[in-house]
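Numbering (the working numbering), first residue to last: 7 to 227. From the three backbone atoms N, C-alpha and C, an ideal C-beta is built for every residue, glycine too. Inspection log for the structure reproduced underneath, given as structure tokens.
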């Protein structure tokens, strides 16, 4: 259901969100989250229409951040909701059963609540401090991610969990050992796009992710 690598769009001077999404899709990215903060709904609709067409062209999932009503209007594949956004149960009633819903979580209790309300996947974080998001929840780091994933395993709960928040390429191998389903990156991959290295960096990310990792190794990092 989810992709091992999710790209969260980021605005940079001279680059619209649709510009970076185009480059991401051309590089092979299969899951794009359009995350536009502090802009008008009209601008989100304008950019969202372009992103929708790009994702159709390149066979990528189009996930909109924050706004279920706009997700329906734009024909997005899914919606991602933060801890302070609309409750997932309410969003599910708005978007129906066919649209994917992801929810940000910082604790095990957040995950359990999201699952009970109908979430399809979880974005667990933040892994480390990130400048792309204000009012961060407590930083989890490796130990926090591992503790939550181990608790889910003990409880027998099977829901895709994607690590989010300040993740860098060098973090991927150890994060995979925690048992997460994937990782989401914004800043580092946007840097790669702006430096015309998106295809190379995407190949590097997937190469690291697809390496065989011995999960029975010491997890204390």
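### Task
Tell me whether residue 43 sits in a helix, a strand or coil according to DSSP, three-state version.
As a working mapping, residue 43 is identified with position 37 in the chain shown. It is coil, neither helix nor strand.
### Query
Using a Cβ-Cβ cut-off of 8 Å (strictly less than) and excluding sequence neighbours within five positions of residue 73, which residues of its own chain qualify?
Taking the chain shown and counting its residues from 1, one reaches residue 73 at position 67. For residue 73, where only same-chain residues beyond five positions count, the Cβ hits under 8 Å are 47, 50, 85.
### Query
In three-state DSSP terms, what is residue 136?
Within the chain shown, numbered from 1, the residue matching residue 136 stands at position 130. The answer is coil: DSSP assigns residue 136 none of H, G, I, E or B.
### Query
Of all the options 18, 34, 113, which has the alpha carbon lying nearest to the alpha carbon of residue 158?
In the chain shown, the residue the question calls residue 158 occupies position 152. Taking only the C-alpha atoms, the option nearest residue 158 is 113.
#### Entry: residue 224, buried or exposed, once every other Cβ within 10 Å from all chains shown has been counted against 16
For the purposes of this step, residue 224 is taken as the residue at position 218 of the chain shown. Note that residue 224 scores 45 on pLDDT, short of 50, meaning its location in the model is unreliable and no value can be drawn from it.
### Query
Whole beta strand (DSSP E) runs in the stretch 84 to 171 with 3 or more residues, listed along the chain?
84 to 87, 106 to 111, 127 to 130, 167 to 169
### Query
Based on Cα-Cα distance, which residue from 53, 56, 25, 66 lies nearest to residue 12?
In the chain shown, residue 12 corresponds to position 6, counting from 1. Looking at the Cα atoms, 66 is the closest of the given residues.
### Query
Closest by CA to residue 76, which one among 95, 63, 109, 40?
Here residue 76 refers to the residue found at position 70 when the chain shown is read from its first residue. With distances taken between Cα atoms, residue 76 lies closest to 40.
### Task
Enumerate in chain order the residues of its own chain whose CB-to-CB distance from residue 171 is below 6 Å, with the five nearest sequence positions on each side excluded.
Numbered from its first residue, the chain shown carries residue 171 at position 165. So the list reads 131, 132, 133, 136, once near-sequence residues are dropped.
#### Entry: Three-state class that DSSP yields for residue 225 in the structure shown
The sequence position of residue 225 within the chain shown is 219, counting from 1. Because residue 225 sits at a pLDDT of 44, beneath the cut-off of 50, its placement in the model cannot be relied upon, and the point is left open.
### Message
With DSSP as the reference, identify every bridge partner of residue 21, one or two as the case may be.
### Response
Residue mapping note: residue 21 aligns to position 15 of the chain shown, counting from 1. 18.
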